[in-house]
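Trainee: For the sequence shown, my numbering assigns the number 610 to the initial residue and increments by one for each residue that follows. If you scroll down you'll find the structure; I have some questions about it.
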Amino acid sequence: MRDGLRADDRGVSVTVNYALNLVVATLLIGGVLTATGGMVEDRRESAVRTELSVVGERIATDLMAADRLAEVGRGDETVAVSMTLPERVAGTRYDVTIDATATDSTIVLQSNTPEVTVRVEFHNATAVQSTTVRGGDLRIELNAGAAPDRLEVTNP
Numbered sequence: 610m611r612d613g614l615r616a617d618d619r620g621v622s623v624t625v626n627y628a629l630n631l632v633v634a635t636l637l638i639g640g641v642l643t644a645t646g647g648m649v650e651d652r653r654e655s656a657v658r659t660e661l662s663v664v665g666e667r668i669a670t671d672l673m674a675a676d677r678l679a680e681v682g683r684g685d686e687t688v689a690v691s692m693t694l695p696e697r698v699a700g701t702r703y704d705v706t707i708d709a710t711a712t713d714s715t716i717v718l719q720s721n722t723p724e725v726t727v728r729v730e731f732h733n734a735t736a737v738q739s740t741t742v743r744g745g746d747l748r749i750e751l752n753a754g755a756a757p758d759r760l761e762v763t764n765p
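Next up, the structure:
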């Protein structure tokens with residue numbers, strides 16, 4: 610009778626099959642999570658880049674509008690343009706840097722997490738003060754007291 614129990618391995622095969630199924634399922638779920646984790650980060654980076662591009666274009670448009678107002682109203686010291694912009698893009702804060710030269714200037718928008726940098730060029734006749742400000746509401750003002758007159762971008 611003892612020899613009959615040793616030959617019976619049906620109870621072991623059910624337990625082994627169950628354990629193997631758990632291991633395979635765990636490996637599959639872990640592999641899927643690992644593979645899709647990178648895709649989610651790529652999508653977030655793409656969303657930040659797109660939103661920063663839109664914000665940069667809006668800033669460039671308003672800077673060029675303020676530039677036209679300053680050119681038309683020479684002698685008028687009250688050129689001001691206010692912009693309502695998001696403080697965050699895709700859940701992350703960003704900085705706006707105005708890198709200005711005589712006629713061609715660049716707006717550089719940079720987020721920290723994920724680290725994304727977007728550059729938007731614009732053309733201006735009025736000098737623009739080079740500066741860095743935190744993303745969010747901005748104000749463009751003509752500083753007529755400066756020599757030469759220049760547009761300044763600030764947080765209100």
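Backbone N, C-alpha and C define an ideal beta-carbon position, used for all residues, glycine too. Because the structure is a prediction, the values reported are computed rather than measured.
For SER714 and GLY646, I'd like the C-alpha separation in whole angstroms.
Mentor: The sequence position of residue 714 within the sequence shown is 105, counting from 1. The sequence position of residue 646 within the sequence shown is 37, counting from 1. Cα to Cα, the separation comes out at about 38 Å.
Trainee: Taking three-plus beta-carbon pairs below 8 Å as touching, is the segment 722-735 in contact with the segment 634-643?
Mentor: These segments do not touch.
Trainee: What's the gap between the Cα of LEU631 and the Cα of VAL625?
Mentor: Position 22 of the sequence shown, counted from the start, is the residue given in the question as residue 631. Position 16 of the sequence shown, counted from the start, is the residue given in the question as residue 625. Each residue's alpha carbon lies about 10 Å from the other.
Trainee: Is the beta carbon of VAL690 closer than 8 Å to that of THR741?
Mentor: Here the question's residue 741 lines up with position 132 in the sequence shown. Here the question's residue 690 lines up with position 81 in the sequence shown. For THR741 and VAL690, no; Cβs fall outside 8 Å.
Trainee: Applying the criterion that 16 or more other CB atoms from any shown protein chain within 10 Å of the CB defines a buried residue, is ARG743 buried or exposed?
Mentor: Taking the sequence shown and counting its residues from 1, the one referred to as residue 743 is at position 134. Answer is exposed; the Cβ neighbour count stays below 16.
Trainee: Candidates MET648, ALA709 and VAL649: which alpha carbon is nearest THR735's?
Mentor: Taking the first residue of the sequence shown as position 1, residue 735 is located at position 126. Looking at the Cα atoms, ALA709 is the closest of the given residues.
Trainee: Based on the DSSP secondary-structure assignment, which residues constitute the bridge partners of ALA675?
Mentor: To locate residue 675, count along the sequence shown from 1; it is residue 66. In the DSSP output, where bridge partners are listed per residue, ALA675 has none listed.
Trainee: Ignore the nearest five residues each way along the sequence and tell me which others in GLU666's own chain have a CB closer than 7 Å to its CB.
Mentor: Counting from 1 along the sequence shown, the entry for residue 666 is found at position 57. Excluding positions up to five away in sequence, the list reads VAL729.
Trainee: What's the call for SER655, buried or exposed, on a 16-neighbour Cβ count within 10 Å?
Mentor: In the sequence shown, counting from the first residue as 1, residue 655 sits at position 46. Exposed, since its Cβ has fewer than 16 Cβ neighbours within 10 Å.
Trainee: Quick one, are the C-beta atoms of VAL688 and ALA679 less than 8 Å apart?
Mentor: The residue labelled residue 688 in the question sits at position 79 within the sequence shown. The residue labelled residue 679 in the question sits at position 70 within the sequence shown. Result yes, Cβ atoms of VAL688 and ALA679 sit closer than 8 Å.
Trainee: Just to confirm, are LEU694 and ASP746 a CB contact at a threshold of 8 Å?
Mentor: Here residue 694 corresponds to residue number 85 of the sequence shown, with the count starting at 1. Here residue 746 corresponds to residue number 137 of the sequence shown, with the count starting at 1. Yes, they are a contact pair.
Trainee: Please determine, among VAL681, GLU724 and VAL737, the residue with the shortest C-alpha to C-alpha distance to ARG759.
Mentor: Taking the first residue of the sequence shown as position 1, residue 759 is located at position 150. Of the listed residues, the one whose Cα sits closest to ARG759 is VAL737.
Trainee: Could you give the DSSP three-state label for ASN626: helix, strand or coil?
Mentor: As a first step, residue 626 is located in the sequence shown; it is residue number 17 there, counting from the start. Looking at ASN626 - three-state DSSP - the assignment turns out to be helix.
Trainee: For a quick check, are the C-beta atoms of LEU672 and ASN764 less than 8 Å apart?
Mentor: For this step, residue 672 is matched to residue 63 along the sequence shown. For this step, residue 764 is matched to residue 155 along the sequence shown. Not in contact: LEU672 and ASN764 (Cβ atoms no closer than 8 Å).
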